[in-house]
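Chains as they are written, first to last, in the working numbering: chain A, 1 to 149; chain G, 150 to 298.
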């Protein structure tokens, strides 16, 4: 259980980094598609998703076996990419570079999800809502980039 | 967003306390009903639920208005009751007192959920899976108490 808490803490690192780049006025002033969610929704959704992917990593780590390190390395890589998005989008206020970055993140999440499914079905399943949300966030980033060029 | 992280951190306090009372051998040796979940499932489920109720408290806190302090006080009270269960069940190895304690927790969660629904529908909805799980955990505690008297 202590290890589970450590994985959860790791999963929330992007949230802690993201909290250092508050830019509500910048986001409010951007042109957004009609289907953009209300700003308050992002924090709650990410919170639950971070908990889910933290649990997923813990499930993979406790199963062990060959390839575990590689799968968890992928997980750490996608998490680092996730953590980098907010500093780019909100810190640099650069939706274009952020779009490139989140596209790379999307690929990393797909690869990680596949690797997790191969090791433990429950771990892969716990990645799916996260993958769905990153897909949605990528589409939203694309539209914001397009509307504010 | 920083406040959201603080609410999440608060919500995970019971998890941190619970991690201080590891007793896998004790749990393995208890007689359990056939429908008892595998032991590894509890950590993942609680993790996601703690994230959800942390988000719920944040949603109530940011809405503000009269009665907010009372609703959040209820939330803190049910969280304290939640945190106390593991030391009783696993620390004292006392399923009977733990059953009494979780019954009180169940009532506190119902009251908190109602108070959250009254303030913000999304916050109340985020409490429902937690309420369902505490209900299930209460039934499981009852059966374990009954089978091991």
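Even for Gly, the Cβ is constructed at its ideal location relative to N, Cα and C.
* Contact list for residue 72 of chain A against chain G, beta-carbon separation under 9 Å -> Indexing the first chain from 1 puts residue 72 of chain A at position 72. What residue 72 of chain A touches in chain G: nothing, since even the nearest Cβ is about 16 Å away.
* **the segment 65 to 81 of chain A touching the segment 28 to 46 of chain A, judged by at least three CB pairs closer than 8 Å** => The segment 65 to 81 of chain A makes no contact with the segment 28 to 46 of chain A, as fewer than three CB pairs between them are under 8 Å.
* To do: Identify the contact partners of residue 210 of chain G in chain A, using a Cβ-Cβ distance below 7 Å as the criterion.
  => Numbered from 1 along the second chain, position 61 holds the residue referred to as residue 210 of chain G. None at all; the shortest Cβ gap to chain A is about 12 Å.
* If you drop the 5 nearest sequence neighbours on each side, which residues of the same chain put their C-beta closer than 7 Å to that of residue 122 of chain A? -> Mapped onto the first chain, residue 122 of chain A falls at position 122. Excluding positions up to five away in sequence, the list reads 59.
* Starting from residue 55 of chain A, find everything on chain G with Cβ-Cβ shorter than 8 Å and list it in chain order. => Here residue 55 of chain A refers to the residue found at position 55 of the first chain. Chain G residues near residue 55 of chain A: 192, 193, 196, 197.
* Within chain G, partners of residue 52 of chain A - CB distance below 9 Å -> On the first chain, position 52 is the one that residue 52 of chain A refers to. Within 9 Å Cβ-Cβ: 193, 196, 197, 200.
* To do: Could you please tell me which residues of the segment 164 to 181 of chain G, in chain order, have their CB closer than 8 Å to any CB of chain A?
  => 164, 165, 167, 168, 171
* Asked: Any beta-carbon of chain A closer than 8 Å to the one on residue 280 of chain G?
  -> One-based indexing of the second chain puts residue 280 of chain G at position 131. Closer than 8 Å: no.
* **Proximity below 8 Å, CB of residue 173 of chain G to CB of residue 188 of chain G** => Here the question's residue 173 of chain G lines up with position 24 in the second chain. Here the question's residue 188 of chain G lines up with position 39 in the second chain. Yes. Within cutoff.
* residue 108 of chain A to residue 81 of chain A, Cα distance in whole Å? -> Looking up residue 108 of chain A in the first chain gives position 108. Looking up residue 81 of chain A in the first chain gives position 81. Rounded to the nearest angstrom, the two C-alpha atoms are 8 Å apart.
* Asked: Can you tell which of G:158, G:179, G:175, G:160 has the C-alpha that lies nearest to the C-alpha of residue 296 of chain G?
  -> Locating residue 296 of chain G in the second chain gives position 147, where the first residue counts as 1. Answer by Cα proximity: G:179.
* Can you pull the chain A residues whose beta carbon is under 8 Å from the beta carbon of residue 228 of chain G, in chain order? => As a first step, residue 228 of chain G is located in the second chain; it is residue number 79 there, counting from the start. Within chain A, no residue comes near residue 228 of chain G; the closest Cβ sits about 16 Å away, beyond 8 Å.
* State the DSSP-derived secondary structure class of residue 64 of chain A, mapped to helix, strand or coil. => Along the first chain, one-based indexing puts residue 64 of chain A at 64. In this structure, residue 64 of chain A counts as coil in the three-state DSSP scheme.
* Please determine if the segment 4 to 21 of chain A and the segment 245 to 265 of chain G are in contact, where contact requires at least 3 C-beta pairs separated by less than 8 Å. => no
* **residue 114 of chain A burial status per 10 Å Cβ neighbour count (16 or more: buried)** => The residue you call residue 114 of chain A lines up with position 114 of the first chain. Exposed is the call here.
* To do: Would you grab the beta carbon distance between residue 255 of chain G and residue 284 of chain G for me? Rounded to a whole angstrom, and I think it's under 8 Å.
  => For the purposes of this step, residue 255 of chain G is identified with residue 106 of the second chain, where counting begins at 1. For the purposes of this step, residue 284 of chain G is identified with residue 135 of the second chain, where counting begins at 1. Going by Cβ atoms, the distance from residue 255 of chain G to residue 284 of chain G rounds to 7 Å, so yes, they are a contact pair.
* Asked: Along chain A, in chain order, which residues have C-beta atoms closer than 8 Å to that of residue 277 of chain G?
  -> As a first step, residue 277 of chain G must be located in the second chain, where it is residue number 128. Within 8 Å Cβ-Cβ: nothing; residue 277 of chain G doesn't reach chain A, min ~13 Å.
* Asked: Skipping 5 residues on each side, what residues in its chain have a beta carbon closer than 7 Å to that of residue 49 of chain A?
  -> Sequence index remark: in the first chain, residue 49 of chain A carries index 49 (1-based). Cβ within range, chain order: 129, 130, 133.
* To do: Keeping to the same chain, check which residues put their C-beta closer than 7 Å to that of residue 247 of chain G; ignore five residues upstream and five downstream.
  => Position 98 of the second chain, counted from the start, is the residue given in the question as residue 247 of chain G. Within the same chain, residue 247 of chain G has close Cβ partners 234, 237, 238, 290.
* Asked: From residue 206 of chain G to residue 149 of chain A, what does the alpha carbon distance come to, in whole angstroms?
  -> Start at 1 with the first residue of the second chain, and residue 206 of chain G comes out as number 57. Start at 1 with the first residue of the first chain, and residue 149 of chain A comes out as number 149. So the alpha carbons of these two residues sit roughly 38 Å apart.
* Out of curiosity, what's the CA-to-CA distance linking residue 91 of chain A and residue 156 of chain G? -> For the purposes of this step, residue 91 of chain A is identified with residue 91 of the first chain, where counting begins at 1. For the purposes of this step, residue 156 of chain G is identified with residue 7 of the second chain, where counting begins at 1. Answer to the nearest angstrom: the Cα atoms are 24 Å apart.
* To do: Give the straight-line distance between the Cα atoms of residue 243 of chain G and residue 34 of chain A, rounded to the nearest whole angstrom.
  => Mapped onto the second chain, residue 243 of chain G falls at position 94. Mapped onto the first chain, residue 34 of chain A falls at position 34. Distance between the alpha carbons of residue 243 of chain G and residue 34 of chain A is about 55 Å.
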